[in-house]
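Chains as they are written, first to last, in my numbering: chain A, 82 to 331; chain B, 82 to 331. First the structure, in the form of structure tokens, and then the observations on it.
2 protein chains.
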Amino acid sequence: MNENEIIYGKNAVLEALISGEREINKILISKTTHSDTKLNKIKELAKNNGIIYQFVAKEKFAEYEGVSHQGIVAQISPIKYTDLDDFLSLPHNNDSLIILDGIEDAHNLGAIIRTAVCAGVSGIVIPSRRNVQINSVVEKTSAGAINHIPIIKVNSLTNAVDKLKKSDWWVIATDASAKDNHYEINYNDMNFAIIMGAEHAGVSKSLLKASDFVVKIPMLKNFNSLNVSNAFAVIIFEAVRQKLINSKVK
Amino acid sequence: MNENEIIYGKNAVLEALISGEREINKILISKTTHSDTKLNKIKELAKNNGIIYQFVAKEKFAEYEGVSHQGIVAQISPIKYTDLDDFLSLPHNNDSLIILDGIEDAHNLGAIIRTAVCAGVSGIVIPSRRNVQINSVVEKTSAGAINHIPIIKVNSLTNAVDKLKKSDWWVIATDASAKDNHYEINYNDMNFAIIMGAEHAGVSKSLLKASDFVVKIPMLKNFNSLNVSNAFAVIIFEAVRQKLINSKVK
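Take a look at the structure:
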């Protein structure tokens with residue numbers, strides 16, 4: 082629950098519902114909250130927009146002690162997502178994307194977003210389920226980077242990969258047991274999407290199969306593997322290195 | 082307080098004091114704790130070893146509810162540090178070190194340690210002050226890597242850098258405003274130490290001045306900078322790339 086940005090009070094929740102700018106994941110209402118015009122309006126708008134609201138025991142609000150919540154809080158997603166089709170309809174030239182396949186840790190997601198922005202990545206694709214969503218920890222860890230890059234939320238990563246391939250993008254998956262090293266790829270002269278897998282499970286088999294390349298980061302010590310944000314940094318900045326050297330040569 | 086590993090109870094604290102294997106930062110004793118032979122022994126050993134113990138109100142123990150603490154807890158550092166001189170007296174051949182200048186975040190330190198182990202780094206130098214110390218968050222974030230690499234704690238980073246240079250190590254500092262890019266360094270055929278600076282302040286001026294090289298990671302977007310663990314990953318895996326390509330050529 083704490084992993085989402087929380088807004089408090091009837092006015093804030095109502096305004097968020099009216100503006101529609103932010104995605105509201107869930108509204109919690111204390112059973113002891115006094116019913117009035119505003120609360121009725123909140124319930125009506127939530128219902129119309131398919132947003133879940135729950136009546137919970139007032140003890141549930143203990144964690145929000147000290148803020149004026151009036152017995153109502155909403156978990157909201159503070160950013161506006163980009164549609165993959167809209168993204169692909171724009172012109173792209175040696176652009177890059179990162180596709181996140183089930184990242185669970187908010188700190189990792191935040192660090193990945195920050196690194197992606199520094200490396201000039203054009204967008205971040207996350208699945209609408211089985212991945213940590215954009216929340217206040219992610220926002221904070223990204224150091225504000227979240228506001229500088231489109232976040233593309235898709236229902237199916239498999240479909241997203243298919244679309245990318247049909248749109249002249251090359252898809253590169255990362256896997257610890259791959260044969261090829263990440264730096265053997267020539268990242269110039271193509272649009273490419275890098276798939277990074279979940280912290281423990283890695284990239285799912287169906288996506289590995291669908292990818293054009295599968296690469297690994299070679300380790301000098303046989304130990305576990307890199308943290309996912311560090312692994313992404315290594316790969317994307319190899320692409321940056323190649324790009325800069327290439328532009329110098331030209 | 083939560084950032085250290087905590088051990089509970091008279092026996093555990095006493096054993097830790099006797100073994101001397103672990104560094105004990107502080108012992109907290111509830112004012113209501115019954116004084117007995119063990120407690121007296123604990124106080125005596127702590128005094129002899131210059132370890133601080135404090136008598137605190139029993140309310141301070143509320144956070145340890147549910148564990149059998151007997152009114153005594155100790156904050157301990159679970160690893161054994163390596164001495165820089167001992168480290169330098171070993172043979173080194175194209176080895177690497179990382180020097181951490183004021184890293185504040187335990188997650189970052191943990192990720193750096195993990196990445197260092199994966200990249201075959203030979204040791205991690207941290208200052209005894211003004212840097213997050215090895216604690217349970219660091220241990221957890223490092224995914225156990227902490228047990229696979231010497232942690233070298235020094236009182237003065239400046240002195241450490243001097244010693245390294247005198248021992249035929251090359252010192253490379255990172256700075257966002259450096260002229261040279263990190264990948265322009267030839268990491269082969271030398272022992273090198275990379276200095277990574279604090280999350281906000283960067284590498285301190287005196288260390289920048291003392292370094293043999295100062296390099297940056299070029300950014301493709303003018304945004305802030307990388308998370309320090311990601312920045313380290315980028316640099317050290319460029320060294321790994323060069324090393325692997327070099328060993329293939331030979």
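We put the CB at the ideal spot given by N, CA and C, even for glycine. None of these values were measured; they are calculated from a predicted model.
Can you check whether the CB of residue j is closer than 7 Å to the CB of residue i?
| i | j | result |
| --- | --- | --- |
| Leu178/A | Ala291/A | no |
| Val154/B | Leu190/B | no |
| Gln151/B | Lys112/B | no |
| Ala320/A | Val296/A | no |
| Gly204/A | Pro172/A | no |
| Ala226/B | Ile276/B | no |
| Ala192/A | Asn311/B | yes |
| Val206/A | Ile180/A | yes |
| Asp293/A | Trp250/A | no |
| Tyr134/B | Ile99/B | no |
| Glu185/A | Glu280/A | yes |
| Leu95/B | Lys119/B | yes |
| Val284/B | Ile298/B | no |
| Ile160/B | Ile215/B | yes |
| Ile233/B | Thr163/B | yes |
| Ser248/B | Leu169/B | yes |
| Ala254/B | Leu288/B | yes |
| Asn269/B | Asn327/B | yes |
| Gly278/A | Asp182/A | yes |
| Ile87/B | Ala97/B | no |
| Thr196/A | Leu307/B | yes |
| Lys126/A | Ala200/B | Looking at the sequence itself, residue 126/A is Leu, so the reference to Lys does not match. For Leu126/A and Ala200/B, no; Cβs fall outside 7 Å. |
| Arg322/A | Tyr145/B | no |
| His188/A | His188/B | yes |
| Leu165/A | Val235/A | yes |
Helix, strand or coil, according to DSSP, for residue i in the structure here?
| i | result |
| --- | --- |
| Val202/A | coil |
| Lys332/A | There is no way to answer for residue 332/A, as the model of chain A reaches only from 82 to 331. |
| Val283/A | The amino acid at residue 283/A is misidentified as Val; the sequence shows Gly. Gly283/A falls in the strand class under three-state DSSP. |
| Asn83/B | At Asn83/B, the pLDDT of 39 sits below 50, so the modelled position is not reliable; the number obtained from the coordinates is stated separately. Note: Asn83/B maps to coil in three-state DSSP. |
| Gln156/A | strand |
| Ile215/A | coil |
| Ile88/A | strand |
| Ser310/A | helix |
| Thr196/B | helix |
| Ile184/A | coil |
| Gln151/A | coil |
| Gly191/B | helix |
| Lys302/A | coil |
| Glu146/A | coil |
| Thr114/B | coil |
| Ser223/A | coil |
| Arg322/A | helix |
| Leu30/B | Past the edges of chain B, shown from 82 to 331, lies residue 30/B, and the structure says nothing about it. |
| Thr292/A | Before going further, note that residue 292/A is Ser rather than Thr in the sequence given. Ser292/A falls in the coil class under three-state DSSP. |
| Leu169/B | helix |
Opposite residue i in the DSSP bridges: which residues?
| i | result |
| --- | --- |
| Tyr134/A | Ile108/A |
| Lys124/A | The partner list for Lys124/A (beta bridge, DSSP) is empty, contrary to what the question assumes. |
| Ser177/B | Phe273/B |
| Thr163/A | Ile233/A |
| Pro208/A | Val235/A |
Cβ closer than 9 Å: which chain D residues qualify as neighbours of residue i?
| i | result |
| --- | --- |
| Phe273/B | Of the chains in the structure shown, none is chain D; the protein chains are A and B. |
TODO: Counting only runs of 4+ residues fully inside the segment 236-283 of chain A, write out the alpha helix (DSSP H) ranges in chain order.
DONE: 238-247
Task: Contact list for the segment 193-209 of chain A against chain B, Cβ threshold 8 Å - done: Arg195, Thr196, Val198, Cys199, Ala200, Gly201
Task: Near-chain A residues of the segment 292-303 of chain B (beta-carbon distance less than 7 Å), N- to C-terminal order - done: Ile298, Pro299, Met300, Leu301, Lys302
- [ ] Anything in the segment 152-182 of chain B with a Cβ closer than 7 Å to a Cβ of chain A? List those residues in chain order, please.
- [x] none
Open item on the list: Closer than 8 Å between beta carbons: that is the criterion. Which residues of the segment 254-265 of chain B meet it against chain A?
Closed with: Asn262, Tyr264
Open item on the list: What are the residues in the segment 118-129 of chain A lying within 7 Å of chain B by C-beta distance?
Closed with: none
Task: Near-chain A residues of the segment 317-331 of chain B (beta-carbon distance less than 9 Å), N- to C-terminal order - done: Ile317, Phe318, Glu319, Val321, Arg322, Lys324, Leu325, Ile326
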